[in-house]
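First the structure, in the form of structure tokens, and then the observations on it.
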Amino acid sequence: MITIHLSNRAGKDLYSGRHKDVRQALEFCIHAKICLDGIILDHEDLRYANLDGWSVRNASFKGADLRGSNMSEATFLHCDFSEGLMQEACLCYSDLLNCNFYGTKFRKTDISEAKLDNPVFSHNIDTHLNLSTAYRITGIINSPSIHPMIVFQNLKQTIMLLNHIEKGKIIAVLKHLIKTANSNQDHYSLQEHTSSLQRNKR
1260 MITIHLSNRA GKDLYSGRHK DVRQALEFCI HAKICLDGII LDHEDLRYAN
1310 LDGWSVRNAS FKGADLRGSN MSEATFLHCD FSEGLMQEAC LCYSDLLNCN
1360 FYGTKFRKTD ISEAKLDNPV FSHNIDTHLN LSTAYRITGI INSPSIHPMI
1410 VFQNLKQTIM LLNHIEKGKI IAVLKHLIKT ANSNQDHYSL QEHTSSLQRN
1460 KR
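If you count by our numbering, then the sequence shown holds residues 1260 to 1461, one letter each, in order.
What follows is the structure in structure tokens.
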């Protein structure tokens, strides 16, 4: 057992106590409902940590190893997960609001029923992360290293297209989707997108 200090960027202790490691100290604070807003956990080993139900804002996990961690039913507001490892992490039913995932590694990361508002990504996220399982995705921001994406929601599956694709080709894709839409809601949504693109094309 060693004394663990959990601090914010200003160096102020948010918590200190004797634990086996940072992961155990963090789990203790979550269970005890100790506020850790602004905590700095950069490059920490948090593999298989139980962060279930945690609510935190302005936390930094830059380069942290969160592989296999349980982050379900949690709320992360303005948190930085950039350059981190999140393979096989579970974020089911979590709210990920204005979070930075630039350079974060994903593989078998479960975001079923999660809400992602204004997330920042840098990777080809449609192959690294199954966004179609999320409850809501709004305002995806991509780094300048890749083309921004156009995201169509209210469908059976989330559809993303790089927005450098010619509008005529996008319209053709949408018309095909209209023919195969399985509900009136999907049909209406796609018609609205198609009409908007046609107006812009003129």
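Glycine is no exception: its CB is placed at the ideal position from the N, C-alpha and C atoms.
Treat the numbers as computed from the prediction; the structure is a model and nothing was measured.
(request) Please classify Gly1398: is it buried, with 16 or more other beta-carbons within 10 angstroms of its beta-carbon, or exposed? (result) Position 139 of the sequence shown, counted from the start, is the residue given in the question as residue 1398. Label assigned to Gly1398: exposed.
(message) What would DSSP say about Thr1392, mapped onto helix, strand or coil?
(response) For the purposes of this step, residue 1392 is identified with residue 133 of the sequence shown, where counting begins at 1. Here Thr1392 sits in helix by DSSP.
(request) Could you tell me the distance, in whole angstroms, from the CA atom of Gln1346 to the CA atom of Tyr1307? (result) Here the question's residue 1346 lines up with position 87 in the sequence shown. Here the question's residue 1307 lines up with position 48 in the sequence shown. Approximately 11 Å, taken between the alpha carbons.
(request) Give the DSSP-derived three-state secondary structure of Phe1380 in the structure shown. (result) Mapped onto the sequence shown, residue 1380 falls at position 121. Strand at Phe1380.
(request) Kindly provide the ranges of any beta strand (DSSP E) runs that are 3 or more residues long and lie completely inside the segment 1287-1366, ordered along the chain. (result) 1314-1316, 1334-1336 and 1354-1356
(message) Quick check on DSSP: helix, strand or coil for Arg1277?
(response) Along the sequence shown, read from residue 1 onward, the residue named residue 1277 stands at position 18. It is a strand residue.
(message) Suppose contacts are defined by Cβ-Cβ distances below 8 Å. Is Asn1317 in contact with His1302 by that definition?
(response) By one-based count along the sequence shown, residue 1317 stands at place 58. By one-based count along the sequence shown, residue 1302 stands at place 43. No, they are not a contact pair.
(request) Give every residue of the same chain whose Cβ lies closer than 8 Å to the Cβ of Phe1491, excluding the five residues on either side of it in the sequence, and list them in chain order. (result) With the chain represented from 1260 up to 1461, any question about residue 1491 goes unanswered, as that position is not in the structure.
(message) Relative to the C-alpha of Ala1269, which candidate in Ala1291, Arg1282, Asp1280 and Asp1296 has its C-alpha closest?
(response) As a working note, residue 1269 is residue 10 in the sequence shown. Closest option to Ala1269, Cα to Cα, is Asp1296.
(request) Excluding the 5 residues preceding and the 5 following Glu1332 in the sequence, name in chain order all residues of the same chain whose CB lies nearer than 8 Å to its CB. (result) To locate residue 1332, count along the sequence shown from 1; it is residue 73. For Glu1332, where only same-chain residues beyond five positions count, the Cβ hits under 8 Å are Asp1311, Gly1312, Cys1351, Tyr1352 and Ser1353.
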